[in-house]
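Enquirer: Residue numbers (the UniProt record's numbering), protein chains in the order written: chain A, 1 to 394; chain B, 1 to 206; chain C, 1 to 137; chain D, 1 to 462.
Just passing along the structure, written as structure tokens.
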């Protein structure tokens, strides 16, 4: 493909790249204005090289230039020639403060480029923290009585790798087949797992109690594990091949991190609210009970309510093949919940599950204030949110 | 607004579209096989709360027509609301009017008389354990619970510490039950499996 | 552990919170020689700048396709493609086709009978015969 | 209804069988019946037939034409011309000799003559360079404003573009009471005017014609010049020089040579100055000079046309008000031949970040390259000794044992794996099959069907 290069490419870009120490400028704080005008036609590296010879009229050393094209990720200046990247930037409605180089960097996974100056590991770490902070503060303030396990599951549903893969795909990001210098910087670059290849062990977790006879309780998960209750692998950054969902997750996190770095915390919060927290989830469907009847009686005992009694609200066809019983759970004279089932036992179980969910899913309102709102200038005085004493233990 | 509320049922009656009133009793000779017939059939009389009567208020008002559906889990019962919640007062005010506390509660599911709680002394518990230790074959849980007037659950808790090794009994009991299940036919087996599945689903509330 | 959490993934609702335009890429193919590309070439020369500036979230590529009819090809976020042959169309008609592709969501065309589609739970719940006060026989 | 062919009609049976019928096509047979029962009658016109029928006789009474007289559609007799009178040939003079060449004869029609040759007033070569065009416009404006300043008629614009440009060092400054020329150290009004008038003098006389002696008009101009002298005394010396040289009534060749030789030293100093620097040396406000006056505008446009050969469209003349607008019409780039050339000029399109424009067709290889798969494909193809692209290498790869049997003329490449055997099916057609398949094939193919072309390889296989 002929490459129409209107700007003059000077040899300095190439000489800078030929330094053996592989020093490339870090893009994190570079501003867009300082860079050459964006005129693009094509982005194939080989043709670029041909044109360089033709336009500059100087003979580049073939051997040296080919030996230098082994960078594992596209160069920084390619970010300005990629229309895909610019379209992605505009599609996410990012501020102009977020430069295209940073955008390009968020798309390079550590498994593609192990150099920490050019991959998104640091950005993803930062963005992941910001995202999980906003998700968890919103969940905790909106549903203050969620059990810890359900809270983990809800956090996973909002910011887990599966969801972030969906988010990344809904942003229109595609994966590159293999990372390399010639790849368009608008593609997500990581080294893919081969079919049938097993996940590499990450070298154990950081938990101090690695022995199998230790009980991995919920409280220890809060302390030692990550925001979803999973163990954190010991090896922080690895350039091993990884599943696609993890690559997408680190990309989305890195975008949040870059928004935070360039536009500030308020913009990052808005971004997380718009793209992550606006997604649809029925939190009521995340519960899996084991012994709801006993749990409800323990709850009533703890809270000082009267002992819950199951009462038949209505029934039909008791002696038929398909009876239906509607059973309500009453504590004293107040109805806590009700459920319908084909047998009295199942109806009672359903009624207890219903009552327990009604307890756990108490919400002070959808627009409850979260602590990060206090960061805004001129925020109202903080009113304490409802804090629950925790789930029922029996 | 008022006029419209009034107009629709009146027009329905006059235009002969009020067949919904009779359709419940009279068996329809035809199936509701067309869109128009279905729509016409579903064109039912509005709830009485929508109708204007002499008691209906003369000013702007809210018509409260609770859904005929099982309540949502997101509607926290009054009892579960925390003390500082603002909805407590509102719900308490409306609950009196809308759901007056019934003078007679519905019948409970299990009519069995409740066992008395916490009436056994340590000596009684030691006696239970001794009986089981001495004559394990004779004293099973049901007999013990009947003798001491307590729940069999309590008996099982007591006996878990009595020192009697019941693994053999358990195994034999399990083998007996498995033998019974092996004799089941396909219909009963399927019904049993379905029941287990339904309980699983009930625990997930799906 | 009493209550277990079930792991699920949230469902995106485009337009609630953030809106992502579903058309992510428009390829304009033209031919320098053939007369059927006349309107397309005029569009590329005159109107593309404005069109591209108005739609920065769409990646736009212009490439020749010699000895073929001019085509606009849209690539969508759901992975599908739509292509429209714009042979012998005028500049304005080409612009209309480009806007059509930009506004499409990539799904196959289907008849929309209900004006509102929602995945939200019904506010009044699913009707149940046991909660209607019952019919007393 | 289907017609009965004429040969099978009963009437046709009347014909004797012995007469051989010549071949007739079916159409002719139908159109011309071979046997006619109607008698031959004299042809009568329709009116006559009807008249006979009406009257029932063959000689109907009355006029042939019932309306009497001759119809006006009837052919009128041609007026007979009087017979041509024969006249005697004129008497030639006794000394008449027919000429054998055309010398001295009156010429009629288009015959090339040098004096009829139309010499256009436009230069033969159009100016395309932007800077040169700008300089020409500047020169034209300086000259026109100089003429105006001197109070001369604007019709004095010389016809031909001659001589050097004395206007390099003149600035055009818009001022409140009109446009003014500001002469810097290397120029003067007189010099400009002198160059102009010299051009006038040169152009007034035809170049091809002799211009040895100064004509009356030139003397008038010289007198004009002498009047201007007191105004600009510093322009005196070149002026006198000029006239001195010119007034020498020498041979024309010398005059022209002198003219040129005089131009050289002046040109030396300025001609080597690039146009960019020249334009940069001028006060940029000259582009904003108002040329509302139609007379001036016309004169400037005319002079620019002479200098550059580029015509400003009539529709644009009305809307031009400044030098800038004239320039914008003059320096319009040539029409691009390809769309990509047109897009290249659209800076705002190319600077849009979401647009990429390709000059050549985007092939699958480019797509694979952009997602990084091409290097894998290349590696895999090379590891199998396969050509990367169709045109990459046309050499045959290593073929295990059958390489000698490959047809030499085939331009394609055959790829045979190690466990496969090549079978030539026809010229340029071959199959690569595994040995097992070939054995199976041989079981089912009868011996006699294995022809000599095929048997070559099959024998080798056995």
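Cβ atoms here follow ideal geometry from the backbone N, Cα and C, with glycine treated the same way.
If you're wondering where the values come from, they're calculated on a predicted model, not measured in any experiment.
So what does DSSP say about residue 106(A), is it helix, strand or coil?
Expert: helix
Enquirer: Looking at chain D, which residues of the region 12-32 of chain C have a Cβ within less than 7 angstroms of any of its Cβ atoms?
Expert: Residues of the region 12-32 of chain C with a C-beta atom less than 7 angstroms from some C-beta of chain D are 30, 32, listed in chain order.
Enquirer: Short of 7 angstroms in beta carbon distance, which residues of its chain neighbour residue 149(D), apart from the five on each side in sequence? Order them along the chain.
Expert: 181, 189
Enquirer: Using 8 angstroms as the threshold, is the C-beta distance between residue 128(C) and residue 202(B) below it?
Expert: Taking 8 angstroms as the Cβ cut-off, residue 128(C) and residue 202(B) do not qualify as a contacting pair.
Enquirer: For the putative contact between residue 306(A) and residue 300(A), defined by C-beta atoms under 8 angstroms, what is the C-beta separation to the nearest angstrom?
Expert: 7 angstroms
Enquirer: Among the residues of its own chain, which have a CB less than 8 angstroms from the CB of residue 32(C), if the five just before and after it don't count?
Expert: 41, 64, 66
Enquirer: Alpha carbon to alpha carbon, how far is residue 51(B) from residue 251(A)?
Expert: Residue 51(B) and residue 251(A): Cα-Cα distance of roughly 59 angstroms.
Enquirer: Would you check whether the ligand MG has a heavy atom nearer than 7 angstroms to the C-beta of residue 4(C)?
Expert: Summarising the ligand content, the structure contains no ligands, and the ligand MG is consequently not present.
Enquirer: Between the Cα of residue 108(A) and the Cα atoms of 73(A), 139(A), 96(A), which residue gives the shortest distance?
Expert: 73(A)
Enquirer: Any contact of the region 179-197 of chain A with the region 280-298 of chain A, i.e. 3+ C-beta pairs under 8 angstroms?
Expert: no
Enquirer: Can you tell me which of the three DSSP states residue 101(D) falls into?
Expert: coil
Enquirer: Determine the contact status of residue 90(C) and residue 346(D), defining contact as a CB-CB distance below 8 angstroms.
Expert: Pairing residue 90(C) with residue 346(D) gives a Cβ-Cβ distance that is not under 8 angstroms.
Enquirer: Which one or two residues does DSSP pair with residue 63(C) in a beta bridge?
Expert: DSSP lists 29(C) as partners of residue 63(C).
Enquirer: Assign residue 34(B) to buried or exposed, taking buried as 16 or more other Cβ atoms, counted over all protein chains shown, within 10 Å of its Cβ.
Expert: exposed
Enquirer: Determine the direct distance from the alpha carbon of residue 207(A) to that of residue 101(A), and round the result to whole angstroms.
Expert: 37 angstroms
Enquirer: Between which two residues does the alpha helix (DSSP H) harbouring residue 355(A) extend?
Expert: 344-360
Enquirer: For residue 243(D), name the three-state secondary structure that DSSP assigns.
Expert: For residue 243(D), the predicted model reports a pLDDT of 37, less than 50, meaning its position is unreliable; a value from the coordinates is still stated below. In the structure shown, residue 243(D) sits in a helix (DSSP, three-state: H, G or I).
Enquirer: Can you give me the Cβ contacts of residue 164(B) inside the same chain, cut-off strictly under 7 angstroms, excluding the 5 residues immediately before and after it?
Expert: Excluding residues within five positions, the ones whose Cβ falls inside 7 angstroms are 132, 133, 136.
Enquirer: Count the other CB atoms, across all protein chains shown, that sit within 10 Å of the CB of residue 357(D); report buried if there are 16 or more and exposed otherwise.
Expert: buried
Enquirer: Does chain D have any CB closer than 8 angstroms to the CB of residue 184(A)?
Expert: yes
Enquirer: In chain order, what are the residue ranges of uninterrupted alpha helix (DSSP H) at least 4 long that sit wholly in the region 129-164 of chain B?
Expert: 141-148, 152-159
Enquirer: Give me the subset of the region 121-132 of chain A whose CB atoms are less than 9 angstroms from a CB atom of chain C, sorted by chain position.
Expert: none
Enquirer: Residue 241(A) versus chain D: which residues are under 9 angstroms apart at the beta carbon?
Expert: Below the 9 angstroms Cβ cutoff, chain D contributes no neighbours of residue 241(A), its closest Cβ being approximately 14 angstroms away.
Enquirer: Check this for me: beta carbons of residue 171(D) and residue 282(D), under 8 angstroms apart or not?
Expert: For residue 171(D) and residue 282(D), yes; Cβs fall inside 8 angstroms.
Enquirer: Taking Cβ positions only, does residue 370(D) come closer than 8 angstroms to chain C?
Expert: no
Enquirer: Shorter than 8 angstroms from the beta carbon of residue 330(A) to some beta carbon of chain B?
Expert: yes
Enquirer: Pick out whichever of 95(B), 159(B), 92(B) has its Cα sitting closest to the Cα of residue 128(B).
Expert: 159(B)
Enquirer: Give me the Cα-Cα distance between residue 217(D) and residue 299(D), rounded to the nearest whole angstrom.
Expert: Bear in mind that the predicted position of residue 217(D) carries a pLDDT of just 42, short of 50, making it too unreliable to give a figure here.
Enquirer: CA-CA distance, residue 84(D) and residue 91(D)?
Expert: Going from the Cα of residue 84(D) to the Cα of residue 91(D) covers about 21 angstroms.
Enquirer: Using a Cβ-Cβ cut-off of 8 angstroms, state whether residue 269(A) counts as contacting chain C.
Expert: Contact of residue 269(A) with chain C is not assigned, every C-beta pair being separated by 8 angstroms or more.
Enquirer: With distances taken between CB atoms, is the gap from residue 144(A) to residue 334(A) smaller than 8 angstroms?
Expert: No, the pair does not count as a contact, with Cβ atoms beyond the cut-off.
Enquirer: With distances taken from CA atoms, which of 385(A), 318(A), 357(A) is nearest residue 73(B)?
Expert: Minimum Cα distance to residue 73(B) is reached at 357(A).
Enquirer: Of all Cβ atoms in chain D, is any one closer than 8 angstroms to the Cβ of residue 72(C)?
Expert: For residue 72(C), the closest Cβ of chain D is not nearer than 8 angstroms.
Enquirer: Please report how far the alpha carbon of residue 128(A) lies from the alpha carbon of residue 272(A), in whole angstroms.
Expert: 11 angstroms
Enquirer: Run down chain G in chain order and give the residues with a C-beta less than 7 angstroms from the C-beta of residue 118(C).
Expert: Absence of chain G from the displayed structure is noted, the protein chains being A, B, C and D.
Enquirer: Are the beta-carbon atoms of residue 199(A) and residue 111(A) separated by less than 8 angstroms?
Expert: Pairing residue 199(A) with residue 111(A) gives a Cβ-Cβ distance that is not under 8 angstroms.
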